[in-house]
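The structure appears below as structure tokens.
Number of protein chains: 2
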Amino acid sequence: MRLNQAGELTLLKKLKDSFRSADSGVIIGIGDDAAVIAPQNRQLLVTTDMMNEGVHFDLGFTSAFQLGFKLVSVNVSDIFAMGGVPKYLFLDISMKETGTTEFFDELYEGIANAMKIYGLSLLGGDLTGTMNDMALSATVIGTTEKAVLRKGASVGDKIYVTGTLGDSACGLELLKKMRPEYKEHVRALRSDVSKKLNGQLSFANGPSHITLDFVSAGPLIRRHLMPLAREASSIAGVAASMIDISDGLFIDLSRICDESGTGARIYLDRLPLSDGLKQACGALGLDALRFASSGGEDYELLFTAPADADMTGICATCIGEIIEKERIAVDASGREEELKAEGYQHFGAG
Amino acid sequence: MRLNQAGELTLLKKLKDSFRSADSGVIIGIGDDAAVIAPQNRQLLVTTDMMNEGVHFDLGFTSAFQLGFKLVSVNVSDIFAMGGVPKYLFLDISMKETGTTEFFDELYEGIANAMKIYGLSLLGGDLTGTMNDMALSATVIGTTEKAVLRKGASVGDKIYVTGTLGDSACGLELLKKMRPEYKEHVRALRSDVSKKLNGQLSFANGPSHITLDFVSAGPLIRRHLMPLAREASSIAGVAASMIDISDGLFIDLSRICDESGTGARIYLDRLPLSDGLKQACGALGLDALRFASSGGEDYELLFTAPADADMTGICATCIGEIIEKERIAVDASGREEELKAEGYQHFGAG
Numbered sequence: 001m002r003l004n005q006a007g008e009l010t011l012l013k014k015l016k017d018s019f020r021s022a023d024s025g026v027i028i029g030i031g032d033d034a035a036v037i038a039p040q041n042r043q044l045l046v047t048t049d050m051m052n053e054g055v056h057f058d059l060g061f062t063s064a065f066q067l068g069f070k071l072v073s074v075n076v077s078d079i080f081a082m083g084g085v086p087k088y089l090f091l092d093i094s095m096k097e098t099g100t101t102e103f104f105d106e107l108y109e110g111i112a113n114a115m116k117i118y119g120l121s122l123l124g125g126d127l128t129g130t131m132n133d134m135a136l137s138a139t140v141i142g143t144t145e146k147a148v149l150r151k152g153a154s155v156g157d158k159i160y161v162t163g164t165l166g167d168s169a170c171g172l173e174l175l176k177k178m179r180p181e182y183k184e185h186v187r188a189l190r191s192d193v194s195k196k197l198n199g200q201l202s203f204a205n206g207p208s209h210i211t212l213d214f215v216s217a218g219p220l221i222r223r224h225l226m227p228l229a230r231e232a233s234s235i236a237g238v239a240a241s242m243i244d245i246s247d248g249l250f251i252d253l254s255r256i257c258d259e260s261g262t263g264a265r266i267y268l269d270r271l272p273l274s275d276g277l278k279q280a281c282g283a284l285g286l287d288a289l290r291f292a293s294s295g296g297e298d299y300e301l302l303f304t305a306p307a308d309a310d311m312t313g314i315c316a317t318c319i320g321e322i323i324e325k326e327r328i329a330v331d332a333s334g335r336e337e338e339l340k341a342e343g344y345q346h347f348g349a350g
Numbered sequence: 001m002r003l004n005q006a007g008e009l010t011l012l013k014k015l016k017d018s019f020r021s022a023d024s025g026v027i028i029g030i031g032d033d034a035a036v037i038a039p040q041n042r043q044l045l046v047t048t049d050m051m052n053e054g055v056h057f058d059l060g061f062t063s064a065f066q067l068g069f070k071l072v073s074v075n076v077s078d079i080f081a082m083g084g085v086p087k088y089l090f091l092d093i094s095m096k097e098t099g100t101t102e103f104f105d106e107l108y109e110g111i112a113n114a115m116k117i118y119g120l121s122l123l124g125g126d127l128t129g130t131m132n133d134m135a136l137s138a139t140v141i142g143t144t145e146k147a148v149l150r151k152g153a154s155v156g157d158k159i160y161v162t163g164t165l166g167d168s169a170c171g172l173e174l175l176k177k178m179r180p181e182y183k184e185h186v187r188a189l190r191s192d193v194s195k196k197l198n199g200q201l202s203f204a205n206g207p208s209h210i211t212l213d214f215v216s217a218g219p220l221i222r223r224h225l226m227p228l229a230r231e232a233s234s235i236a237g238v239a240a241s242m243i244d245i246s247d248g249l250f251i252d253l254s255r256i257c258d259e260s261g262t263g264a265r266i267y268l269d270r271l272p273l274s275d276g277l278k279q280a281c282g283a284l285g286l287d288a289l290r291f292a293s294s295g296g297e298d299y300e301l302l303f304t305a306p307a308d309a310d311m312t313g314i315c316a317t318c319i320g321e322i323i324e325k326e327r328i329a330v331d332a333s334g335r336e337e338e339l340k341a342e343g344y345q346h347f348g349a350g
């Protein structure tokens, strides 16, 4: 069914019925002029992010489910990066009148799946038309006892990252090189990471092509299409400063340094690389280290903690330390180079 | 200068420097992963609205200043409609890379102008690229001691509206009929309503054209391009239910009735019409009553209050009363008709 046969009010009613909130801090959720919440003596965190068709996503290889899931994750990641707990979601969704209700249903299935994982309640939003490309925007409100800011880094702090780096950027590269007949295979990827990946994918490599096992390439692609934001409650207890890696390790580390008035030394051979990244880059002749240092959208956490912090139970890799002024990348042979804040910037100056 | 020469970070820094918040409830404003606010034991109101080029605005006759002003107003209107005080603003702005910094500067001049009027602090947002049309989204957080909901209407309540109705929809009609040589005249309209309007505007009327004084037509056009949300602190003291009129009087009244489980009787000859609306509709052969009953985007407030409420100092027009079940419009001759919930709906079912 086309959206212009269903009507905005029908779609809104569906959302309202599906997402009734059981949160005791919610007085009024969807359905009035504004949501009403009663915060319980904590700090509130508020973040908003937008995703536009053709710029942030390509519906040629992204399913509606994946898109909805990612929209929620990228916003939740900002709440985790402040050491907070995500609570409330507000959505602005713009689609063409000729969009289908099937697409809308699948989009909100992806949104609902992410909401469940992160424990979010949908409290409001706007559902509206657009002339051409889809535009999506989400606002997430979270709570925290004490926010972890970018500006808290001190000289002597160790620098840590969660998970592995560069997977998302490599996954995007794979999607661009992927032979078209595999698109449906990839569009079927859902968020259940425990699900077994089988088969192979084939990628253009100059005039020939390269085949990779789905078990290696799939997680890279999934990280790009459906990033899972990294929960940070234990990290928040030790972190002096924190940011999520959305634009790339080096540019996001530079933000911590800028705000804290410090430098940093990073050891490139310590950057955590997944086996899938190494295999894919090896097979396709791509630079794994460049993906890890400057690739965006990993949505892992980058944080600093005092050298004597108790890291028991915290799963993160130490990749360097905060120093006075300089920003340095040290390679495997001990050679030092200036750390360049490269990464994605909209309206990028050439 | 084009946006892709300025770069996102330069633009963000400019916003950050211009909009430092002096609000004591703000712990961290623009510049970290999320804003941090410390609510002071009140209820918080949250609303979000999106505006898309070609659907919600036409840059052919809307200036960037007017657009920025309207984006803020439509969101603030939802906070006022809950009886709240707007406090914090979050903006998502998507523009083409080839947009100019002059356009961006003027957009944020309009935003800043509205923020000043409403007492808002900008605490965050996202500035990003788009392939085709501009997309804007704003989230406003407000505070209230007690929210006024849609569902509070009771049988016997009087129904009130603030200001005059239909001006915005008539203004849009005038913009569509306006001869192109007057566009710049209209694009120069700013938010200062005390500024004297001079001259005349000319409108297509079939094969000929009609001339109207700018002093009559200007306010209608301004109401469409730069609506001023209606502050409601005194109304909130008496209102049993409230909504802002964004989609049209009848459709928004139906929402109050739906939520409250009541009917309503409206007297059409009591609908407050501006002199400008009457003049423009008279000259161009348009139906003023239809604009007033079903035209959208007036951003006036529609509320109900008990018949014995003390209305001293409240500037609003009584247009009817809440009844048990039926929804009736009574015309000047006393003839009753069913009140049809007509108004603007995205993805409107035919």
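Chains as they are written, first to last, in my numbering: chain L, 1 to 350; chain F, 1 to 350. Beta carbons: idealized from backbone N, C-alpha and C, even for Gly.
query, result
"Taking 9 Å as the cut-off, decide whether the C-beta atoms of L339 of chain L and V161 of chain L are in contact.", "no"
"Does T98 of chain F pass the burial test, meaning 16 or more other C-beta atoms within 10 Å, or should it be called exposed?", "exposed"
"Need the endpoints of the alpha helix (DSSP H) that G282 of chain F sits in, please.", "275-284"
"Work out the CA separation of L136 of chain L and T130 of chain L for me, nearest whole Å.", "11 Å"
"At a CB distance below 7 Å, what residues from the region 34-47 of chain F approach chain L? Give them in sequence order.", "A34, A35, V36, I37, A38, P39, Q43, L44, L45, V46, T47"
"Could you check what DSSP says for V76 of chain F in three-state terms: helix, strand or coil?", "helix"
"Which residue comes first and which comes last in the alpha helix (DSSP H) that contains E97 of chain F?", "Looking at the DSSP string, E97 of chain F is not in any alpha helix (DSSP H), and its letter there is neither H nor E."
"Identify each residue in the region 44-70 of chain F for which the Cβ-Cβ distance to at least one residue of chain L is less than 9 Å, and report them in chain order.", "L44, L45, V46, T47, T48, D49, M50, M51, N52, E53, G54, V55, H56"
"What's the call for D33 of chain F, buried or exposed, on a 16-neighbour Cβ count within 10 Å?", "buried"
"How would you write the range of the beta strand (DSSP E) that F203 of chain F sits in, first residue to last?", "200-205"
"How long is the line joining the alpha carbons of P207 of chain F and S191 of chain F, rounded to whole angstroms?", "33 Å"
"Between I111 of chain L and chain F, is there a C-beta pair that is closer than 9 Å?", "no"
"Can you tell me the Cα-Cα spacing of E184 of chain L and L67 of chain L, whole angstroms?", "15 Å"
"Below 9 Å between beta carbons: does that hold for I27 of chain F and G124 of chain F?", "no"
"Could you tell me the alpha carbon to alpha carbon distance between G84 of chain F and T48 of chain F, rounded to whole angstroms?", "15 Å"
"Rounded to whole angstroms, what's the CA-CA distance from G166 of chain L to L59 of chain F? Just pull it up for me.", "40 Å"
"Answer with yes or no whether the minimum CB distance from A305 of chain L to chain F is below 9 Å.", "no"
"Under 9 Å, Cβ to Cβ, is there at least one residue of chain F near D244 of chain L?", "yes"
"Measuring only between beta-carbons, confirm whether R150 of chain L sits less than 9 Å from chain F.", "yes"
"Between the region 98-125 of chain F and chain L, which residues of the former have a C-beta closer than 7 Å to a C-beta of the latter?", "L123, G124, G125"
"Going by the beta-carbon positions, is the gap between L225 of chain F and L201 of chain F smaller than 9 Å?", "no"
"F291 of chain F CB to nearest chain L CB: under 9 Å?", "no"
"What residue range is occupied by the uninterrupted alpha helix (DSSP H) comprising D258 of chain L?", "249-260"
"Suppose contacts are defined by Cβ-Cβ distances below 9 Å. Is T144 of chain L in contact with A236 of chain L by that definition?", "yes"
"Give the interface partners of D92 of chain L over in chain F, defined as CB-CB distance under 8 Å, in chain order.", "T48, D49, M50, D92, S137"
"Is there a Cβ from chain F that is less than 9 Å from the Cβ of S191 of chain L?", "no"
"For the beta strand (DSSP E) that L172 of chain F lies in, which residues bound it at each end?", "First-last for L172 of chain F: 167-177, but that is the alpha helix (DSSP H), not the beta strand (DSSP E)."
"Tell me the rounded alpha-carbon separation between G163 of chain L and T317 of chain L.", "8 Å"
"Any contact of the region 326-333 of chain L with the region 247-265 of chain L, i.e. 3+ C-beta pairs under 8 Å?", "yes"
"Measure the C-alpha to C-alpha separation of G152 of chain L and C257 of chain L and round it to an integer number of angstroms.", "9 Å"
"In or out: H209 of chain F buried (at least 16 other Cβ within 10 Å) or exposed?", "exposed"
"Since I28 of chain L meets chain F, which of its residues come closer than 7 Å, beta carbon to beta carbon?", "A147, L149"
"Determine the chain L residues that contact D78 of chain F at a beta-carbon separation under 8 Å, and present them in chain order.", "D33, A34"
"Over the uninterrupted beta strand (DSSP E) stretch that includes H56 of chain L, give me the two end residues.", "Looking at the DSSP string, H56 of chain L is not in any beta strand (DSSP E), and its letter there is neither H nor E."
"With 9 Å as the threshold, decide whether the Cβ of I159 of chain F is near any Cβ in chain L.", "no"
"Output the boundary residues of the beta strand (DSSP E) element that contains V26 of chain F.", "26-28"
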